Amino acid sequence: MPAETDFLSAGAAAGLDDGARQAIHAAPRGERLELYARMLVRAPKDALAALAAASGLPLAGELKIDEAARPVLPARLAADFQVVPLLVAGAPADELHLALSWPPDDTIADWVRTFTPREPRWHLAPPDKVHQLIRDHYGVGAGSLDLAEAAEAALGETVGDTDADEDAAVVRFVSDVITQAIEDGATDIHFEPQEGQLRIRYRVDGLLVPVPLPENLLRFQDAIISRLKIMARLNISEKRLPQDGRIAFRVGGAALDIRVSTIPTIYAESVSLRLLNLRKEAYTMDRIGMDADERERITRVLDSPHGIVLVTGPTGSGKSTSLNAFLRQINSTDLRIVTVEDPIEYEVPGANQIQVRPEIGLTFASALRHILRQDPDVIMVGEVRDRETADIAIRASLTGHLVFTTLHTNDAPGAITRLIDMGIEPFLIASAIELVIAQRLVRRLCPQCAQATPVEPRKLLDSLAVLGIEPTAADGVAELRTPVGCDHCRGTGYRGRVGLFEILRPTEEMHDLIVRRESTRALARCAEAHGMRTLARSGWAKVLSGETTLDEVVRIISVNDR
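Read in order, the letters of the sequence shown correspond to residues 32 to 593 in the numbering used here.
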């Protein structure tokens, strides 16, 4: 059998020196091919071919798992050694074909022989494909929960302290679930006890995605929930009341802030995790999806010495990300920037950022009152939740401060009527507001697999009608880009999200409408007459530019939003 030790001893022929061989041997198995590729200064695909030639192992053809052989190979073994049983047509019954990303050594060969008398036949495959097969067919964290059971199945006896093994398995499983969520770009993780199962789902690109899980997960349900509560420093004996906490989770040398919320359900406690501080890199206005005209309109207002900039939209629509981009746009050494947030999602270099703590009386309103005594030039208030906060923010803008804040409304004109409903005097609103931006996030088409497809005229017109866009907008549109699905986008056809923006700059005519307490519809008609592009039209522009699809825009926006 060609083995890893044989391959590494022949490393000189493969262009590796002793130090390189030792570095490869010390690296985790799933990372060795990438390291080998860097050493050879080749693409991973070419490095895999070179590895196959140097080790004498064949490259796997069609990567399809052998479901009949899957129970033979324990999840712990598959996860630790990154190996899966491979379906090969016409293979003899006494052979077990296995795909892995690095040549096998004696240890893995011995383990395989422990679980099956079938003769192993080894194949090399890309590490990401092997990892995906393990995740899809064994479940996320399956190797973690398989420790005690795999040992007992192999040796027919209990190894060590079973309780200690189970505790360690649960700790590792929870860590695996969170780590996988980070790799998938999830913003939330939901642990949901159901009848006869514990369901775990990630929210990725705004949609909930079921997580493939180990078959023996239900056995560990109570231990998993308790582990999450311990990590969040919650009372594990209290299962009747909702609780809130936070976890400081370290991954790749970086600290991740996780907000934890538990609620009692009829089966067990449901636990939700909000993952924060995942993206430390700076977000600019063009990166969040603003075109040149939108950036220019906003930049003019950001240069103002005072006034309010309101960003509005539902939870998860990217409001905090936009505010962060605005702050970075104007950030300079001659401006004193103070923010009050809950939670602090992004760190802004040079800014003074405050985390609200309602339990000790540090609310948005109280923090804002104290901020005004700190000689700020720019103030960012994470959210206007009540009349008191709104009133202080309005008055701060009228006394020479530039104020950024957010509000929950469906569209930009609705933010003005919402402030009036909160009890703010209309003449103060008309004088203070410089800009209102409503926004949504839609999934961005995967750049690797999206393709142009001829449009169906009737479907196109129906979708435009739902968005409230006139049929003439479809004139001359013969084809649009559509999702396909590939490994890069996990088969969804989408990768990441892009913003849609509705930008309202109050005019003199609108000032009069605000003071007269006119309806949202009247304000919207006035704004559109003066050049405001609605969310629907912003979405249609993104469709025409090939960034997203019409179905995606319709899913997020409809004419009923106004």
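Cβ coordinates follow ideal geometry from the N, Cα and C atoms, glycine included.
It should be emphasised that the depicted structure is a prediction, and the values quoted were computed from it without experimental measurement.
Secondary-structure assignment with DSSP links E419 through no beta bridge to anything. In the structure shown, the three-state DSSP call for Q384 is strand.
With respect to Q228, S348 sits apart: the two C-beta atoms are not nearer than 7 Å. DSSP, reduced to helix, strand and coil, places R152 within a strand of the structure shown. With three or more CB-CB distances shorter than 8 Å, the region 433–447 counts as touching the region 398–414. DSSP places Q482 in the strand class (E or B) of the three-state scheme.
For I468, the uninterrupted beta strand (DSSP E) segment begins and ends at 464–476. Secondary structure note for I361: its alpha helix (DSSP H) is the uninterrupted segment 350–361. The three-state reading of DSSP puts M411 in strand, counting E and B together. Judged by DSSP secondary structure, T145 falls within the alpha helix (DSSP H) whose first and last residues are 137–146. Taking C-beta separations shorter than 7 Å and ignoring five residues to either side along the sequence, the partners of P444 in its chain run L535, T551, L554, A555, A558, following chain order. Taking the Cα positions, R328 is about 11 Å away from I468. One Cα belongs to H439, the other to T448, and the distance between them is close to 12 Å. Contact between L129 and R166 does not hold, since the beta-carbon distance rounds to 17 Å and is not under 8 Å.
Among the bridge pairs identified by DSSP, R166 is matched with none. Here the region 294–310 makes no contact with the region 337–348; the two share fewer than three CB pairs at distances below 8 Å.
The Cβ atoms of I464 and I339 lie closer than 7 Å to each other. According to DSSP, residue pairing for T580 in a beta bridge does not occur. Residue L366 holds the alpha-carbon nearest to the alpha-carbon of D334 among L366, E214, V342.
Counting other Cβ atoms within 10 Å of its Cβ, A124 stays below 16 and is therefore classed as exposed. L265: not part of any beta strand (DSSP E); DSSP gives it neither H nor E. DSSP lists I294 as the beta-bridge partner residues of S301. In this structure E549 is buried. Its beta-carbon is surrounded by 16 or more other beta-carbon atoms within 10 angstroms. The beta carbon of G527 is closer than 8 Å to those of G216, D236, R474, R475 in its chain, skipping five residues each way along the sequence. Counting of Cβ neighbours within 10 angstroms places R258 among the buried residues, the total reaching 16 or more. L88 places its beta carbon less than 7 Å from that of P134. According to the DSSP assignment, I534 belongs to no alpha helix (DSSP H) but to the beta strand (DSSP E) extending over 525–535. Taken atom to atom, the span from the alpha-carbon of V379 to that of P502 is near 44 Å. With fewer than three CB-CB distances shorter than 8 Å, the region 106–113 does not count as touching the region 64–79. Counting along the chain, the unbroken alpha helix (DSSP H) around F112 starts and ends at 106–112. A direct Cα-to-Cα measurement between A382 and N247 gives close to 48 Å.
If you draw a straight line from the Cα of L531 to the Cα of R512, it comes to about 18 Å.
Ranked by Cα distance from N362, the options Y314, A299, S397 are led by Y314. Between the alpha carbons of P224 and I587 lies a distance of about 29 Å. Measuring C-alpha to C-alpha distances from S175 to each of I294, F251, R234 identifies F251 as the nearest. Rounded to the nearest angstrom, the Cβ distance from I500 to R568 is 7 Å, consistent with a contact under 8 Å.
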